[in-house]
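For the sequence shown, the numbering used here begins at 7 and goes up steadily by one.
Glycine is no exception: its CB is placed at the ideal position from the N, C-alpha and C atoms.
Below: one structure, written as C-alpha cells.
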Amino acid sequence: MSAPIIISAITFMAVIFICITIFFIIQGKQDTKEQTTRVEQAVSIKTLGYSEIPHEEDKAKSEDAGSLRRDTRISSIPWLNNILLRISKGNVKSLMILIEQGGLKIKAGEFLLLSVLIGFIGALSVDLFFHIPFAGFICVLLPFLMLNILKGKRMEAFVKQMPQALDLLSSDLRAGLDIQAGMKHLSEEFSAPIGEEFAKVVVEINLGLTLNESLNNLSKRMNTIDVQILCTGIIINRELGGNLSELIGNVSETIRERFKLKGMVKALTAENQMSSYLLIGLPIGLYILLNVLSPTIYGPFIQDPIGKMIITGCVISMIIGYLIIQKITKLEV
Numbered sequence: 007m008s009a010p011i012i013i014s015a016i017t018f019m020a021v022i023f024i025c026i027t028i029f030f031i032i033q034g035k036q037d038t039k040e041q042t043t044r045v046e047q048a049v050s051i052k053t054l055g056y057s058e059i060p061h062e063e064d065k066a067k068s069e070d071a072g073s074l075r076r077d078t079r080i081s082s083i084p085w086l087n088n089i090l091l092r093i094s095k096g097n098v099k100s101l102m103i104l105i106e107q108g109g110l111k112i113k114a115g116e117f118l119l120l121s122v123l124i125g126f127i128g129a130l131s132v133d134l135f136f137h138i139p140f141a142g143f144i145c146v147l148l149p150f151l152m153l154n155i156l157k158g159k160r161m162e163a164f165v166k167q168m169p170q171a172l173d174l175l176s177s178d179l180r181a182g183l184d185i186q187a188g189m190k191h192l193s194e195e196f197s198a199p200i201g202e203e204f205a206k207v208v209v210e211i212n213l214g215l216t217l218n219e220s221l222n223n224l225s226k227r228m229n230t231i232d233v234q235i236l237c238t239g240i241i242i243n244r245e246l247g248g249n250l251s252e253l254i255g256n257v258s259e260t261i262r263e264r265f266k267l268k269g270m271v272k273a274l275t276a277e278n279q280m281s282s283y284l285l286i287g288l289p290i291g292l293y294i295l296l297n298v299l300s301p302t303i304y305g306p307f308i309q310d311p312i313g314k315m316i317i318t319g320c321v322i323s324m325i326i327g328y329l330i331i332q333k334i335t336k337l338e339v
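And the structure:
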C-alpha cells in the first residue's frame, strides 16, 4: 500500500475518531444530567411523609427514577447495542464493571468502538512508518491498558481516603446518626472517588435497594480487600448486633497499619522496580539516540524481514521481562 493512501486513511480514521469522541463526551454529559435529575426526583419522592399520598405526577416521576436502575444499555447507539446484546453478556458485563471502576462516563459499546478505531489507526501508522502490516492492531489493547491503569489509581485513591472517611462515619454513629445518614454525610464531605461511591450507595437505598444490597454493589465496584472487610463487617453487624461505631473505627485503624506496612515493602522493592523501568526505558532511549546521531543506521535493519523478526522478538522479550519483575516485586499486604 502506497504512503499517500495510508496517510489519507490515517487522517480519515483520526477525524472519525475525534468526531465520535466529542459526540460520546457530549452524550455522556447529557446522560449524566438526566440521571442526576431522575435521582433527585426519586430522592424527593422517597422522603415523602407516610401520611402523604403522592399524586399521579409524583408516581410517574418515581417510575421514571426507578428506570435508572433498569438502564442496562450497553451502548447509546441502537445498532451497536443490538449487536453487543447478541454477544456473550458475561464479557460485556465485566467490561461495564471495569469501566465503572475506572470512573469513565462512557458505555461499554462506545468504549469498544473507540478501541477498534484506535486499532485501525495504529495498524495504518505502523504499516506506514515500519512497513509491518497489521502489527499495529495491538493498539486495540491500549484503551484496555489505560482503563486498568485508571482503575488501579482510582481504587488506590479510594483506599487512601478510607481512614479519614471511616473516622467521620464512626463519629456520626457515636453522635446518634444511623448508618444511612452517616453515609450521606460522608458523601457530602469527601470528594471523589469515596464521596462519589458512597453517594451511589445512598441513592440506591433511596431507590429501594436494601443496605446489604447496596453494600454488596459497592464491594463489586471497589473490589479491594479493605472495602470487602468494611462491607462484610457492616452486614454481619446488622444481622448479629454489636457496636458498629467501634467496628468501623477498628477497620480504619487496620487500614492505617496496612499503609505503614505497604510503605516498608515499597522501600525494600524500590531497587527492583527501578530495574524494570530501566529494562524498558534503556533500549528505547538508545534507539532514539542512535537514530538522531545517524538517521539511516536502522534503515536496512527495518527493511529486512529477519531484522523485523529480531525487533519483534526484542520488544516481546522486554515486555515479558518487565512483567516478570513487576510480578516478583508486587507483594500483597
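Inset, instruction - Kindly indicate which three-state DSSP category Asn88 falls into: helix, strand or coil? - result: Asn88: helix per DSSP, three-state reduction.
Inset, instruction - Could you tell me the distance, in whole angstroms, from the CA atom of Leu267 to the CA atom of Asn243? - result: Here the alpha carbon of Leu267 sits roughly 28 Å from the alpha carbon of Asn243.
Legend entry - Euclidean distance between Cα positions of Leu120 and Leu101: Here the C-alpha atom of Leu120 lies approximately 14 Å from the C-alpha atom of Leu101.
Legend entry - With 16 other Cβ atoms within 10 Å as the buried cut-off, status of Ala181: The Cβ neighbour count for Ala181, taken over all protein chains shown within 10 Å, is under 16; the residue is labelled exposed.
Inset, instruction - Mind checking which residues open and close the alpha helix (DSSP H) that includes Met2? - result: Here the chain comprises residues numbered 7 to 339, so residue 2 is not present and cannot be evaluated.
Inset, instruction - Please state whether DSSP places Thr260 in a helix, a strand or coil. - result: Correct three-state label for Thr260: helix.
Legend entry - Backbone CA spacing between Ile308 and Ile317 [nearest angstrom]: When rounded, the distance between both Cα atoms is 8 Å.
Legend entry - Nonlocal neighbours in the same chain, by C-beta distance under 6 Å from Leu236, ignoring five residues either side: Correct list, in chain order: Val257.
Inset, instruction - Going by CA-CA distance only, name the one from Ile103, Tyr293, Met152, His191 that's closest to Gln170. - result: For Gln170, the closest of Ile103, Tyr293, Met152, His191 by C-alpha to C-alpha distance is His191.
Inset, instruction - Give a yes or no on whether the C-beta atoms belonging to Leu153 and Phe126 are separated by under 9 Å. - result: Leu153 is not a Cβ neighbour of Phe126, given a cutoff of 9 Å.
Legend entry - Coarse secondary structure for Ser177, derived from DSSP in three states: If DSSP states are grouped into helix, strand and coil, Ser177 belongs with the helices.
Inset, instruction - Identify, in the order they occur along the chain, each residue of the same chain with its Cβ nearer than 8 Å to the Cβ of Ile211, setting aside the five sequence neighbours on each side. - result: So the list reads Gln186, Leu217, Ser220, once near-sequence residues are dropped.
Inset, instruction - Check whether the Cβ of Thr275 sits closer than 8 Å to any heavy atom of the ligand FAD, and report yes or no. - result: As presented, the structure is devoid of all ligands, the ligand FAD included, so that no description of it is given.
Inset, instruction - Let me know if Ala276 comes out buried or exposed under the rule of 16 or more other beta-carbons within 10 Å of its beta-carbon. - result: The residue is exposed, with fewer than 16 neighbouring Cβ atoms inside 10 Å.
Inset, instruction - Output yes or no for whether 9 Å exceeds the beta carbon distance between Ile325 and Ile286. - result: For Ile325 and Ile286, yes; Cβs fall inside 9 Å.
Legend entry - Classification of Gln332 by the beta-carbon crowding that lies within 10 angstroms, buried from 16 upward: Burial is judged here by how many other beta carbons sit within 10 angstroms of a residue's own beta carbon; Gln332 has fewer than 16 and is exposed.
Legend entry - C-alpha gap between Leu90 and Phe150, whole angstroms: Rounded to whole angstroms, the gap between the alpha carbons of Leu90 and Phe150 is 18 Å.
Legend entry - Burial state of Gly115, where buried means 16 or more other Cβ atoms lie within 10 Å: With 16 or more other CB atoms across the displayed protein chains lying within 10 angstroms of its CB, Gly115 is buried.
Inset, instruction - Put Tyr293 into one of helix, strand or coil per three-state DSSP. - result: In the three-state reduction of the DSSP assignment, Tyr293 falls in the helix class, which pools H, G and I.
Inset, instruction - Give the DSSP-derived three-state secondary structure of Thr275 in the structure shown. - result: Correct three-state label for Thr275: coil.
Legend entry - Alpha-carbon to alpha-carbon, Leu213 and Tyr328: In a straight line, the C-alpha of Tyr328 is about 46 Å away from that of Leu213.
Legend entry - Cα-Cα separation between Gln167 and Ser197, rounded to whole angstroms: The C-alpha of Ser197 is placed about 9 Å away from the C-alpha of Gln167.
Legend entry - Length of the line joining the Cα atoms of Ile241 and Leu253: It is roughly 11 Å from the alpha-carbon of Ile241 to the alpha-carbon of Leu253.
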